[in-house]
Amino acid sequence: MDKELQDLIKKLLTEKKVDYAIGYEKAYDEFSTRPAFVTSAEDTARLIFNKYCINNLGLYLTKLKKNKIALICKGCDIPTVRELVKEKQFSRENVIVIGAACDGVLDKRTGKQPEKCLNCGVKQPKGADFTVGTAKDSTTARNFNDVAEFEKKSSKEKMQFWDRQFEKCIRCYACRNVCPVCYCPDCFAQRSMPEYLNKNVDAEENKMFHMIRMQHVFGRCTDCKACDTACPVNIPLTLLTKKLAKDAKELFNYESGADMDARPPLSTYDEDDPESGIM
Amino acid sequence: MDNKVPQLNIVGFLCNWCSYAGADMTGLGRNTYPSNIKVIRIPCTGRMDPMMIIEAFHNGADGVLVSGCHPGDCHYTEGNYYWRRRYPHLKSLLEHFGIDKRRFHASWVSASEGKKFAEVVKKVTAEVKDWRDNG
Amino acid sequence: MAYLIIKDDIKNLLDELIKVKAVFAPKKDAEDTVLFGKLASGAEWYGDSLLTHTTAKDKVYLQSETFFKIKKDKNGVFLEDPAEPAETVIFGCRPCDARGFDIIGKLFNWSGFVDEYYTKRIQKTTIITISCEKPESTCFCTSFLNGSPVNSTGSDLLLTPLKEGSCLAEAITAKGEAIITGYSRYFKEAGAAEEKAKIEFKTEAEKKITKKLDLPGIKQKLDTSFDSSYWDTAHLPCVKCGACTFVCPTCYCFDITEKAFDNINSERVRSWDTCMSELFTRMAGGVNPRIDTKKRFRQRFMHKFNYHVDNFKEELCTGCGRCIKACPVSIDIRSVIENV
Numbered sequence: 010m011d012k013e014l015q016d017l018i019k020k021l022l023t024e025k026k027v028d029y030a031i032g033y034e035k036a037y038d039e040f041s042t043r044p045a046f047v048t049s050a051e052d053t054a055r056l057i058f059n060k061y062c063i064n065n066l067g068l069y070l071t072k073l074k075k076n077k078i079a080l081i082c083k084g085c086d087i088p089t090v091r092e093l094v095k096e097k098q099f100s101r102e103n104v105i106v107i108g109a110a111c112d113g114v115l116d117k118r119t120g121k122q123p124e125k126c127l128n129c130g131v132k133q134p135k136g137a138d139f140t141v142g143t144a145k146d147s148t149t150a151r152n153f154n155d156v157a158e159f160e161k162k163s164s165k166e167k168m169q170f171w172d173r174q175f176e177k178c179i180r181c182y183a184c185r186n187v188c189p190v191c192y193c194p195d196c197f198a199q200r201s202m203p204e205y206l207n208k209n210v211d212a213e214e215n216k217m218f219h220m221i222r223m224q225h226v227f228g229r230c231t232d233c234k235a236c237d238t239a240c241p242v243n244i245p246l247t248l249l250t251k252k253l254a255k256d257a258k259e260l261f262n263y264e265s266g267a268d269m270d271a272r273p274p275l276s277t278y279d280e281d282d283p284e285s286g287i288m
Numbered sequence: 092m093d094n095k096v097p098q099l100n101i102v103g104f105l106c107n108w109c110s111y112a113g114a115d116m117t118g119l120g121r122n123t124y125p126s127n128i129k130v131i132r133i134p135c136t137g138r139m140d141p142m143m144i145i146e147a148f149h150n151g152a153d154g155v156l157v158s159g160c161h162p163g164d165c166h167y168t169e170g171n172y173y174w175r176r177r178y179p180h181l182k183s184l185l186e187h188f189g190i191d192k193r194r195f196h197a198s199w200v201s202a203s204e205g206k207k208f209a210e211v212v213k214k215v216t217a218e219v220k221d222w223r224d225n226g
Numbered sequence: 069m070a071y072l073i074i075k076d077d078i079k080n081l082l083d084e085l086i087k088v089k090a091v092f093a094p095k096k097d098a099e100d101t102v103l104f105g106k107l108a109s110g111a112e113w114y115g116d117s118l119l120t121h122t123t124a125k126d127k128v129y130l131q132s133e134t135f136f137k138i139k140k141d142k143n144g145v146f147l148e149d150p151a152e153p154a155e156t157v158i159f160g161c162r163p164c165d166a167r168g169f170d171i172i173g174k175l176f177n178w179s180g181f182v183d184e185y186y187t188k189r190i191q192k193t194t195i196i197t198i199s200c201e202k203p204e205s206t207c208f209c210t211s212f213l214n215g216s217p218v219n220s221t222g223s224d225l226l227l228t229p230l231k232e233g234s235c236l237a238e239a240i241t242a243k244g245e246a247i248i249t250g251y252s253r254y255f256k257e258a259g260a261a262e263e264k265a266k267i268e269f270k271t272e273a274e275k276k277i278t279k280k281l282d283l284p285g286i287k288q289k290l291d292t293s294f295d296s297s298y299w300d301t302a303h304l305p306c307v308k309c310g311a312c313t314f315v316c317p318t319c320y321c322f323d324i325t326e327k328a329f330d331n332i333n334s335e336r337v338r339s340w341d342t343c344m345s346e347l348f349t350r351m352a353g354g355v356n357p358r359i360d361t362k363k364r365f366r367q368r369f370m371h372k373f374n375y376h377v378d379n380f381k382e383e384l385c386t387g388c389g390r391c392i393k394a395c396p397v398s399i400d401i402r403s404v405i406e407n408v
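Protein chains in written order, with the working numbering: chain A, 10 to 288; chain B, 92 to 226; chain C, 69 to 408.
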């Protein structure tokens, strides 16, 4: 599969169809990979694809806006590309999506497959320009059981749970910086006049940061879990991103990155929207 | 104003065109409501940045009420329709973070509905008090 | 003079220490995160992991340290000093973490200036280090002068686990000595055989660290590579979060901000900052000399392995490898500086 991938990219680079090919290469040991930026055909030999390729490379699209890019995507990363194109952050003509068939990735922290891979319907990528390899989708469909389970808790228990999580948070902003849809050049967390978020790090400030970030990515977050896997202290952010996906589905029947024509839920309205308990 | 519940802070974001005038009307009509609510005037509920609601809770508000014109009556034609979509999502997200659903409310109050505004504030205060006392 | 302590007695020792001091040791939580946390009992200590996810640095050099509070009462406005730090024990550090305290300590006492907040805390802190039995693929402490899995720099008491279910305890400073004399019933004198076993332990552990950097050579290369085109491509994968710097035992950059509650009540706080953040170099008026992501990326390596060596004759790195593990895109500090 690596060979097939390398040949395809070699071809794209020699034909000058792309300036950059973004894929994966081996990192510090055999259990880790890191994003690789390849510009010449000779350099493609370092590109690989295996079960440790957990990063969502769609992240780099907004950073290399002016270039033509070939992007290696797992099935679950393709919605990111669509979402960014939809938000006019990148033009679809400038990106060649190479779908890599994936049998599920391993979280380098736990060595186990994350939940998204166990119930994955896009192991064989859908909507890519080229596809490499074949894979079989999971037998179980994507579900929101874990979020629904968490929702059953009382608000006091939820508060305690998140307080414990955000006590750990060191506000390194890894979650924000690896998020493909968190591309604002001037994030609210960095605004100093007026200041929204104090530099002082404590559980309350951290919680406010995460609440506002989650609210900002609602209807745009494709639930790719990049933030969850990036967290150096293992805060289960997937519980939040999945909640966003669940709400978008249940309240507005919307799925980010799925339908290119659907309007994002918060940027449109319908005169017949339900009143949702407004007095 | 009377029936104030001690030590309970509710932030009211009222739209300039309907609810703020409605709150005025409450006083003119000699209707009473708990003075726990601290009113902040906003241009339109469509302008209501969710960040400010989150910040209000962060800074210690026990409850938040956002009130605007009835659907179809918006001064800017469509602002409150956007709010009507934002509200259920925000409420659900805040609840997920552990902010009880009794603490965050929205209402439609027109400029002539002074009586309704008093009712809304009474109801919101009772709910927030219920949350504080019974957890 | 070296002593022996039985491994099972360590928990009892911790229980005794908790009675008189605040004891911080690695603790594991429901998400498998191992962090230095305040112990309520010795049984809470989790000793099976090599490195905690973040360092013990934040127990001495707080992530947010309040310098003073501004308050008002009926006599007028006044300043309130923070509470005096409590007597603290950091238990279960690794030699690389402990060496970090030594490096930061030099910085906070540089050329006659004494940072009282840091110094006050470190004076009241006893650091008990445990030698590393099983270094991982990300470890590279042996590249540094004296760096090794049994290095004692920065520690007060060094425990080296030996094969027979006991640990060799060596007091490095008077604070470490005080622990041994104060709780002498747990310690018995060690003989020459145990000292020999420690040397064996050292060779065994060092064998597992395969990566060795040629630091003088790297320094030479970095001296001339400020404008190198290498940085143009090397920085591309980096997402410019601050994970690497916040989990680093030696990164010390900070920012001082005011936290205002109203017109009078406020606090002056020193918080960690990171050179990876755009805000770090943004000046009043909006000028930012390091707005370019490439420059920020370069700064981190240049500071650690070039500028700091010029000033202190040692690298601003202990080889713990936490930044490699914490990096969301697995950037390896070793290969970045080697490939310059």
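Positions of the beta carbon are idealized from the N, C-alpha and C atoms, including for glycine. Remember, it's a predicted structure, so these values are computed and weren't measured experimentally.
Between the C-alpha atoms of B:Asn-94 and B:Ala-114 there is a straight-line separation of about 17 Å.
The beta carbon of A:Asp-38 falls within 8 Å of a beta carbon belonging to chain C, placing the residue at that interface. For C:Ser-117, the closest alpha carbon among the candidates C:Cys-200, C:Ser-345, C:Ile-195 is that of C:Cys-200. For A:Pro-241, none of the residues of chain B pass the 7 Å Cβ criterion, the least Cβ distance being about 22 Å. Contact of A:Pro-44 with chain C by beta-carbon distance below 7 Å involves Pro-305, Val-397. Here C:Ser-334 is not near A:Val-210, since their CB atoms are 8 Å or more apart. Against chain A, the CB of C:Leu-281 has no partner CB under 8 Å away; the residue lies outside that interface.
In the displayed model, A:Lys-75 falls within coil according to three-state DSSP, outside both helix and strand. Between the alpha carbons of A:Asp-138 and C:Gly-353 lies a distance of about 46 Å. Runs of the beta strand (DSSP E) spanning 3 or more residues and lying entirely within the segment 207-288 of chain A do not occur at all.
Contact of B:Lys-214 with chain A by beta-carbon distance below 8 Å involves Met-288.
Across the set C:Gly-233, C:Asn-379, C:Ser-216, C:Ala-239, the C-alpha of C:Ala-239 shows the shortest separation from the C-alpha of C:Leu-226. Counted as a single uninterrupted DSSP element, the stretch harbouring C:Asp-323 is not any alpha helix (DSSP H) but the beta strand (DSSP E) occupying residues 322-328. Legend: CB atoms of the segment 137-166 of chain B lying less than 8 Å from CB atoms of chain A belong to residues Pro-141, Met-142, Ile-145, Glu-146, His-149, Pro-162, Gly-163. The straight-line gap separating the alpha-carbon atoms of A:Ile-107 and A:Cys-82 is approximately 6 Å. Taking all protein chains in view, the Cβ of B:Val-102 is crowded by 16 or more other Cβ atoms within 10 Å, so the residue is classified as buried. Residue burial annotation: A:Cys-240 is buried, with at least 16 other C-beta atoms found within 10 angstroms of its C-beta. A residue is called buried when at least 16 other Cβ atoms come within 10 angstroms of its Cβ; A:Phe-99 meets this threshold and is buried. Taking 4 residues as the shortest admissible run, the segment 198-284 of chain C contains the following complete alpha helix (DSSP H) segments, listed from N- to C-terminal end: 242-250, 260-276. Nearest to A:Ala-79 by alpha-carbon distance, out of A:Gln-133, A:Asp-16, A:Cys-111, A:Lys-35, is A:Asp-16.
Contact check between the segment 106-122 of chain B and the segment 253-262 of chain A: fewer than three CB pairs, one atom from each, fall below 8 Å, which does not count as touching.
The segment 163-176 of chain A makes no contact with the segment 274-281 of chain A; the number of CB pairs closer than 8 Å stays below 3. Identification of chain A residues near B:Glu-218 by a Cβ-Cβ cut-off of 7 Å yields none; the smallest Cβ-Cβ distance measures about 10 Å. The beta-carbon separation of C:Lys-280 and C:Ser-211, rounded to 5 Å, stays under the 8 Å limit for a contact.
Apart from sequence neighbours up to five positions away, the residues of its chain that approach B:Arg-138 with a beta-carbon distance below 8 Å are Gly-170, ordered along the chain. Listed along chain B are Tyr-173, Arg-176, Arg-177, His-180, each with a C-beta nearer than 9 Å to that of A:Leu-275.
In chain order, Gln-199, Ser-201 make up the part of chain A whose C-beta sits under 8 Å from the C-beta of C:Leu-347. Boundaries for C:Asp-100: no beta strand (DSSP E) harbours it, and the DSSP string shows neither H nor E there. Of all residues in the segment 148-179 of chain A, only Val-156, Phe-159, Glu-160, Lys-162, Ser-163, Ser-164, Lys-165, Glu-166, Lys-167, Met-168, Gln-169, Phe-170, Trp-171, Asp-172 place a beta-carbon less than 9 Å from a beta-carbon of chain B. An exposed status is given to C:Glu-326, since fewer than 16 other beta-carbon atoms sit within 10 Å of its beta-carbon.
Ranked by Cα distance from C:Asp-183, the options C:Leu-230, C:Glu-133, C:Met-351 are led by C:Glu-133. DSSP places C:Asp-170 in the uninterrupted alpha helix (DSSP H) bounded by 163-175. Assignment of beta-bridge partners to A:Gly-108 by DSSP yields A:Cys-82, A:Thr-140.
Flagged as an interface residue toward chain A: B:Leu-184, by a C-beta distance shorter than 8 Å. Within the segment 130-159 of chain C, the residues whose Cβ lies closer than 7 Å to some Cβ of chain A are Gln-131, Ser-132, listed in chain order.
Residue pairing by DSSP places B:Trp-199 opposite B:Gly-159 in a beta bridge.
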